[in-house]
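The structure under discussion appears below in the form of structure tokens.
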Amino acid sequence: MSGPLPVRTRLATGAGLAVAGLSRRVGAGEGSVIGGRVLLAVDPGALERLAAGRTIALVTGTNGKTTTTSMLAAALATQGAVTTNSTGANLMSGLVTTLARGSATAPAVLEVDEGLLPKAVAGLHPSVVLLLNLSRDQLDRIGEVRIHAQRWRAALEAAPSTAVVANADDPLVVWAAGLARQITWVGTGQRWRLDAYSCPNCGERIEWSDDGTWACSNCTLARPVPHLSLDGDDVMLADGRRLRLKLQLPGWPNRANAAMAAAGAEVLGVDVAAALAGVGRVSHVAGRYQVVSVGGVSVRLLLAKNPAGWAEALDLIRPAPMPVVVGINARIPDGRDPSWLWDVPFERLRGRVVIATGDRGRDLAVRLRYAEVEHRFVDGYVEAVRASGAADIDLAANYTSFQDARRELARA
Amino acid sequence: MRESTVTIALLYPELLGTYGDGGNATVLAERLRWRGIDAEVITLGAGDTVPTSCDIYLMGGGEDGPQALAARELSESGALHTAVDNGAVVFGTCAGIQVLGNEFANPDGSPHPGLGLLDVRTVRGTGKRAIGELLSEPLVGGLPTLTGFENHGAVTHLGSGVQPLGRVVSGLGNGGGDGSEGAVSGRIVATYMHGPALARNPALADLLLSWVVGKKLKTLDDTEVDELRAERLRFVRRSRSRWRRNR
Numbered sequence: 000m001s002g003p004l005p006v007r008t009r010l011a012t013g014a015g016l017a018v019a020g021l022s023r024r025v026g027a028g029e030g031s032v033i034g035g036r037v038l039l040a041v042d043p044g045a046l047e048r049l050a051a052g053r054t055i056a057l058v059t060g061t062n063g064k065t066t067t068t069s070m071l072a073a074a075l076a077t078q079g080a081v082t083t084n085s086t087g088a089n090l091m092s093g094l095v096t097t098l099a100r101g102s103a104t105a106p107a108v109l110e111v112d113e114g115l116l117p118k119a120v121a122g123l124h125p126s127v128v129l130l131l132n133l134s135r136d137q138l139d140r141i142g143e144v145r146i147h148a149q150r151w152r153a154a155l156e157a158a159p160s161t162a163v164v165a166n167a168d169d170p171l172v173v174w175a176a177g178l179a180r181q182i183t184w185v186g187t188g189q190r191w192r193l194d195a196y197s198c199p200n201c202g203e204r205i206e207w208s209d210d211g212t213w214a215c216s217n218c219t220l221a222r223p224v225p226h227l228s229l230d231g232d233d234v235m236l237a238d239g240r241r242l243r244l245k246l247q248l249p250g251w252p253n254r255a256n257a258a259m260a261a262a263g264a265e266v267l268g269v270d271v272a273a274a275l276a277g278v279g280r281v282s283h284v285a286g287r288y289q290v291v292s293v294g295g296v297s298v299r300l301l302l303a304k305n306p307a308g309w310a311e312a313l314d315l316i317r318p319a320p321m322p323v324v325v326g327i328n329a330r331i332p333d334g335r336d337p338s339w340l341w342d343v344p345f346e347r348l349r350g351r352v353v354i355a356t357g358d359r360g361r362d363l364a365v366r367l368r369y370a371e372v373e374h375r376f377v378d379g380y381v382e383a384v385r386a387s388g389a390a391d392i393d394l395a396a397n398y399t400s401f402q403d404a405r406r407e408l409a410r411a
Numbered sequence: 000m001r002e003s004t005v006t007i008a009l010l011y012p013e014l015l016g017t018y019g020d021g022g023n024a025t026v027l028a029e030r031l032r033w034r035g036i037d038a039e040v041i042t043l044g045a046g047d048t049v050p051t052s053c054d055i056y057l058m059g060g061g062e063d064g065p066q067a068l069a070a071r072e073l074s075e076s077g078a079l080h081t082a083v084d085n086g087a088v089v090f091g092t093c094a095g096i097q098v099l100g101n102e103f104a105n106p107d108g109s110p111h112p113g114l115g116l117l118d119v120r121t122v123r124g125t126g127k128r129a130i131g132e133l134l135s136e137p138l139v140g141g142l143p144t145l146t147g148f149e150n151h152g153a154v155t156h157l158g159s160g161v162q163p164l165g166r167v168v169s170g171l172g173n174g175g176g177d178g179s180e181g182a183v184s185g186r187i188v189a190t191y192m193h194g195p196a197l198a199r200n201p202a203l204a205d206l207l208l209s210w211v212v213g214k215k216l217k218t219l220d221d222t223e224v225d226e227l228r229a230e231r232l233r234f235v236r237r238s239r240s241r242w243r244r245n246r
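Same order as they appear, the protein sequences are chains A and B. In terms of numbering that gives the first Met the number 0, the first sequence is residues 0 to 411. In terms of numbering that gives the first Met the number 0, the second sequence is residues 0 to 246.
Structure representation (structure tokens):
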């Protein structure tokens with residue numbers, strides 16, 4: 000369906016955007032969520048109607064959604080205007096506001112919550128979906144990470160016109176993508192394996208070889224041959240080209256995000272070399288890797304939300320003896336159960352002082368004690384930064400702790 | 000080896016380690032080392048031969064598919080049964096209590112045979128999944144209040160061959176309507192307090208260790224854990240009084 004939007008959707012859009020604008024002006028927030036709720040209340044079918052006739056790319060996964068969305072948007076922006084929810088408003092209300100705000104002719108790149116993907120695929124009929132990775136996160140809310148994989152698989156089977164770009168090194172993702180009609184596999188070199196030792200297809204053991212390939216010991220599920228692979232700082236293409244990544248963001252996770260974004264752009268008709276030029280323009284995204292100054296102390300902010308994310312973040316924290324502040328919360332968006340702290344190899348922080356903070360800083364302090372890492376618990380982010388006694392430090396925190404830290408340090 | 004070094008077997012952390020359950024091995028080993036007793040953690044992956052000579056065996060929480068795979072591997076090898084006959088200590092959390100029992104439920108509700116080491120039977124729950132803080136008053140070993148987090152959709156019925164680990168103060172526990180939490184039989188202890196249950200309950204960790212070491216253990220400085228325990232107990236009491244007010 001294309002052509003003009005029905006009156007109801009136009010009215011709903013007007014009402015939603017007015018509320019969003021009001022919310023922004025009174026300083027209540029970005030406005031995407033409240034505006035989207037109003038819009039959907041007035042016209043429950045608005046999402047489908049706003050999506051009709053547009054080129055839409057969805058980005059989902061446990062880690063890297065916001066950054067990869069920015070990268071794919073930047074890659075497509077080399078060709079013209081793009082609509083995107085770069086602030087991470089990734090639930091239905093955020094998607095609908097983003098589409099209502101953006102131009103109807105520009106392609107839309109939307110970050111989508113893992114749990115919402117099936118509904119978003121069914122409602123938006125996206126041209127392409129990027130499946131980044133799946134690992135344990137917020138288990139108090141989801142129960143089991145495999146439930147996502149099952150739901151993704153069913154949703155993509157029911158969407159024959161949607162192409163999929165999927166991480167070939169994540170067995171859960173490979174299985175979830177398996178029934179899609181058109182799949183572009185990306186070799187990311189992912190190292191996290193804790194959630195994929197048993198086959199999502201048959202339950203038997205998955206075997207990993209030293210070169211990083213994997214196969215089920217029982218059924219046919221195995222690592223597919225990638226169309227595009229990450230190799231160190233280079234992206235290797237099926238046509239034999241080797242392109243050097245020039246990123247402003249650090250570490251393997253961002254190189255993997257860049258490879259996924261480049262493959263997504265290629266599916267939408269952008270040459271990989273041009274796409275990577277756009278990807279390279281992305282600097283800090285929603286405060287991640289941002290450096291703030293607090294009373295003469297320079298603080299770099301790192302976000303890590305779950306064990307897979309922390310395993311990577313520990314690599315990005317600058318080396319000992321530089322102190323580090325680590326903030327942990329366990330609110331609803333974080334998952335209310337911080338048991339996962341024991342899945343994170345905090346032993347790697349030995350040789351420096353760690354300042355533990357956040358709502359659940361005491362859980363972290365106990366974890367650090369058993370990891371034999373020198374530490375202190377300090378309440379409050381500004382106080383924690385001061386307690387480090389250094390002029391230049393890293394602060395790593397999980398989701399709501401990161402937001403609190405960003406806000407409190409900006410105010411200080 | 001066994002004379003001087005305590006060996007702790009962590010069973011299938013990739014299958015039974017959904018909630019940071021491997022932390023229990025770290026807690027036990029460190030609490031021994033801080034007292035000058037050597038400890039070794041042996042991590043056993045799916046397909047590995049499980050030794051029968053370890054002092055302590057740990058089983059954590061797992062998702063349905065991996066849990067059934069772990070149960071199959073352990074019943075085929077029979078290693079854990081031999082170890083228990085030799086006096087080994089077993090500590091199971093969440094899926095651990097289910098796998099140790101006579102049977103547990105497949106995702107479709109049909110029964111899957113367990114290891115039969117604990118006289119308990121687990122079936123699929125009919126209510127909502129139990130997710131939240133779990134508090135119990137222990138019934139064994141003169142322990143202080145046990146605190147943890149539970150996340151399970153199953154109900155475990157205790158047979159006559161086991162006694163409950165504790166009586167539920169807050170949360171669901173075994174869920175069979177008798178207010179029981181966990182199960183104990185000889186040196187096998189199991190609980191629905193998943194993840195690093197021993198990190199929050201050092202007295203329970205020391206009880207298990209005292210069975211292995213065979214003497215009273217030196218007291219450790221647990222100030223930080225005490226602060227964490229006090230915070231969690233305050234949280235549960237606050238939530239409970241709020242819940243009562245809102246009824």
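Backbone N, C-alpha and C define an ideal beta-carbon position, used for all residues, glycine too. This one's a predicted model, so the numbers in the text were calculated from it and none came from an experiment.
If you compare the alpha carbons of B:L134, B:A82, B:E29 and B:I41 with that of S238 (chain B), the shortest gap goes to B:L134. Around the Cβ of V290 (chain A), a 10 Å sphere holds fewer than 16 other Cβ atoms; the residue is exposed. Residue contact check for E39 (chain B) against chain A: no CB pair falls below 8 Å.
Taken through DSSP and simplified to helix, strand or coil, W33 (chain B) comes out as coil. Here P137 (chain B) is bridged, per DSSP, to B:G165. Closest in alpha carbon position to G188 (chain A), among A:G60, A:D169 and A:P5, is A:D169. In the structure shown, the three-state DSSP call for L315 (chain A) is helix.
The Cβ of V120 (chain A) sits no closer than 8 Å to any Cβ of chain B. Within the model, the alpha-carbon separation for A364 (chain A) versus V324 (chain A) is close to 12 Å.
E230 (chain B) reaches chain A at R361, counting residues in chain order whose Cβ is nearer than 7 Å. If you compare the alpha carbons of B:E230, B:T146 and B:G178 with that of H193 (chain B), the shortest gap goes to B:T146. Assignment of A45 (chain B) by DSSP, reduced to helix, strand and coil, places it in the coil class. Of all residues in the segment 44–55 of chain B, those with a C-beta nearer than 8 Å to a C-beta of chain A are G44, A45 and G46, reading in chain order. N166 (chain A) has A:V185 as its beta-bridge partners, per DSSP. A198 (chain B) is positioned such that its CB atom lies no closer than 8 Å to that of G91 (chain B).
Closer than 8 Å to the CB of V167 (chain B) there is not a single CB belonging to chain A. Per the Cβ contact rule, the segment 385–393 of chain A is not in contact with the segment 11–20 of chain B (fewer than 3 Cβ pairs under 8 Å). Here the C-alpha atom of L94 (chain A) lies approximately 22 Å from the C-alpha atom of A176 (chain A).
The beta carbon of T65 (chain A) sits closer than 7 Å to those of G87, E110, V284 and A285, all from its chain and outside the five residues before and after it, given in chain order.
Using a C-beta cut-off of 8 Å, the segment 164–178 of chain B makes no contact with the segment 107–118 of chain B, since fewer than three inter-stretch Cβ pairs fall below that distance. CA-to-CA, the gap between I7 (chain B) and L43 (chain B) works out to about 10 Å. The three-state reading of DSSP puts D362 (chain A) in helix, counting H, G and I together.
L193 (chain A) belongs to the set of residues whose beta carbon lies under 8 Å from a beta carbon in chain B. Taken in chain order, the complete beta strand (DSSP E) segments of 3 residues or longer contained in the segment 232–282 of chain A are 233–236 and 241–243. Between D42 (chain A) and chain B, the shortest Cβ-Cβ separation is not below 8 Å. Contact annotation, E149 (chain B) with L117 (chain B): C-beta distance approximately 18 Å; criterion of less than 8 Å not satisfied. Within the segment 176–217 of chain B, the complete alpha helix (DSSP H) segments at least 4 residues long are 196–199 and 201–212, listed from N- to C-terminus.
With a 10 Å radius around the Cβ and a threshold of 16 neighbouring Cβ atoms, T218 (chain B) comes out exposed. Taking the beta carbon of G202 (chain A) as reference, the chain B residues within 9 Å of it are D63, G64, P65, A67 and L68, listed in sequence order. Boundaries around T121 (chain B) are those of the beta strand (DSSP E), V119 to R123, since no alpha helix (DSSP H) includes it. By a beta-carbon distance limit of 8 Å, L68 (chain B) does not contact L142 (chain B). Their separation comes to about 33 Å. Counted as a single uninterrupted DSSP element, the alpha helix (DSSP H) harbouring R100 (chain A) occupies residues M91 to R100.
Assignment of M70 (chain A) by DSSP, reduced to helix, strand and coil, places it in the helix class.
Chain B places a beta carbon closer than 8 Å to that of L340 (chain A), counting this residue as a contact. Counting C-beta pairs with one atom in each stretch, the segment 146–159 of chain A and the segment 205–217 of chain A have fewer than three that are closer than 8 Å, which means they do not touch. Within 7 Å of the CB of R368 (chain A), the CB atoms of chain B belong to E223, in sequence order along the chain.
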